[in-house]
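>
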Amino acid sequence: GWGPNSTNLAACCQKDDMPLPDKRGRRPCERQYVTTTAGIFCKFGCCTTGSTVCGDGCCKPGDSGATHNCGRSLPTRHGKGRKPCCIVEGSSPRKQEESGCCIRGDGLNCLQNETPCCLWTQGNERAQDPDPHSPCQPQNCSLYQPCAHGEGFDCTFHGQRICCLRPGGARAVSEADPCQPQEVDCKNRWTNCSHGVGSECSYNVGSACCLPPNNSSSNSCQEDCRNYTVPSLFQHWWFWMGISILLILMLIPLVWLIRRRRA
């Protein structure tokens, strides 16, 4: 294998089922097209068991049956590395660095003296800086823009771009917030608001909320909290409910006194 412990790659088929080796003793696998819902891909013919092709072998399935990605080993300061390696699909950048295997390539850590790191996301490849808010930059840290309240993953870009969290950091992130703390949250937690995202203005000020279809100034979810008007006391249903209960409690002894006098 080519991973850090040289044990995370394996053949995906029986030896008898593999093509004959070439003059150098390597076993070239026949390429074939595989059609999926995501498109057409080229896959090695000897790896048709659902395993991931990596280098001239395949990734072993995880202990819990988790699928793997084929990445590149994290290089040293001297640039050595970038060999095929396997890592569990969906691993966080921290897990990738701990395993020494990067899914999306490597860069420089702007928070740790530009030491090698695994790129957090794919980013916008057409831009001058693919991901300016990512602490791991592809070439240098000259365009890095740190976030005051921590970094998150932009769900409007399928979690493939870094965004800045709102005040309160990761603990204050709501399900409506398109900037989620983890990449996996974009699939498992984030709610795509049909009518746009606003800010909660009455309580937990600043947290994201879904705007209603016909918004009014009395609604606590606003694009700009300066447009929010605190509802009058008379507009609250519980105010009139309280008044009604109070009147009923006052009428009960009055009715009792009238009946007693008549008796």
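If you use our numbering, the sequence shown corresponds to residues -5 to 257, in order.
Quick reminder that beta carbons are idealized off the backbone N, C-alpha and C, glycines included.
Roughly how many whole angstroms lie between the Cα atoms of Leu113 and Gly49?
Position 119 of the sequence shown, counted from the start, is the residue given in the question as residue 113. Position 55 of the sequence shown, counted from the start, is the residue given in the question as residue 49. If I take the Cα positions, the gap works out to 20 Å.
> Do Pro207 and Asn213 have their C-beta atoms closer together than 8 Å?
Position 213 of the sequence shown, counting from 1, holds the residue named residue 207. Position 219 of the sequence shown, counting from 1, holds the residue named residue 213. Going by C-beta atoms, Pro207 is not nearer than 8 Å to Asn213.
> To the nearest whole angstrom, what separates the beta carbons of Thr115 and Ser128, a pair I think is in contact under 8 Å?
Stepping through the sequence shown from its first residue, residue 115 is reached at position 121. Stepping through the sequence shown from its first residue, residue 128 is reached at position 134. Rounded, the Cβ-Cβ distance is 7 Å, consistent with contact.
> With a threshold of 6 Å on Cβ separation, who are the neighbours of Cys203 within its own chain once the five nearest residues in sequence on each side are excluded?
For the purposes of this step, residue 203 is taken as the residue at position 209 of the sequence shown. Within the same chain, Cys203 has close Cβ partners Ala170, Gly192, Glu194, Cys215.
> Taking all protein chains shown into account, do 16 or more other C-beta atoms lie within 10 angstroms of the C-beta of Gln106, making it buried, or fewer, making it exposed?
Start at 1 with the first residue of the sequence shown, and residue 106 comes out as number 112. Classification for Gln106: exposed.
> Classify Glu194 as helix, strand or coil using the three-state DSSP reduction.
To locate residue 194, count along the sequence shown from 1; it is residue 200. Correct three-state label for Glu194: strand.
> Roughly how many angstroms separate the alpha carbons of Leu245 and Ile252, rounded to a whole number?
Here residue 245 corresponds to residue number 251 of the sequence shown, with the count starting at 1. Here residue 252 corresponds to residue number 258 of the sequence shown, with the count starting at 1. Going by the C-alpha atoms only, they are around 11 Å apart.
> Restricting to Cα atoms, I'd like to know which of Thr70, Ile156, Cys80, Ser86 is closest to Glu108.
Numbered from 1 along the sequence shown, position 114 holds the residue referred to as residue 108. Ranking the options by Cα distance to Glu108, first place goes to Thr70.
> Near Arg76, which residues of its chain fall below 8 Å by C-beta distance, leaving aside the five closest residues on each side in sequence?
As a first step, residue 76 is located in the sequence shown; it is residue number 82 there, counting from the start. Arg66, Ser67, Pro69, Asp100.
> List the endpoints of the continuous alpha helix (DSSP H) containing Asp218.
To locate residue 218, count along the sequence shown from 1; it is residue 224. No alpha helix (DSSP H) holds Asp218; DSSP gives it neither H nor E.
> Just the Cα atoms here: how many angstroms apart are Ser196 and Gln133?
What you label residue 196 is simply residue 202 of the sequence shown in a count that begins at 1. What you label residue 133 is simply residue 139 of the sequence shown in a count that begins at 1. The alpha-carbon atoms of Ser196 and Gln133 are separated by roughly 44 Å.
> Buried or exposed for Thr223, going by 16 or more other Cβ atoms inside 10 Å?
Within the sequence shown, residue 223 is the residue found at index 229, counting from 1. The residue is exposed, with fewer than 16 neighbouring Cβ atoms inside 10 Å.
> For Arg25, which of helix, strand or coil comes out of DSSP?
Position 31 of the sequence shown, counted from the start, is the residue given in the question as residue 25. Confidence is the limiting factor: at Arg25 the pLDDT is only 48, short of 50, which leaves the residue's position unreliable and the question unanswerable from this model.
> Alpha carbon to alpha carbon, what distance is there between Ser210 and Gln154?
Taking the first residue of the sequence shown as 1, we reach residue 154 at position 160. Taking the first residue of the sequence shown as 1, we reach residue 210 at position 216. Looking at the two C-alpha atoms, the distance is approximately 34 Å.
> Using CA atoms only, rank isn't needed, just tell me which of Gly200, Asn182, Gln176, Pro124 is closest to Glu145.
Taking the sequence shown and counting its residues from 1, one reaches residue 145 at position 151. Checking every option, the nearest Cα to that of Glu145 belongs to Gln176.
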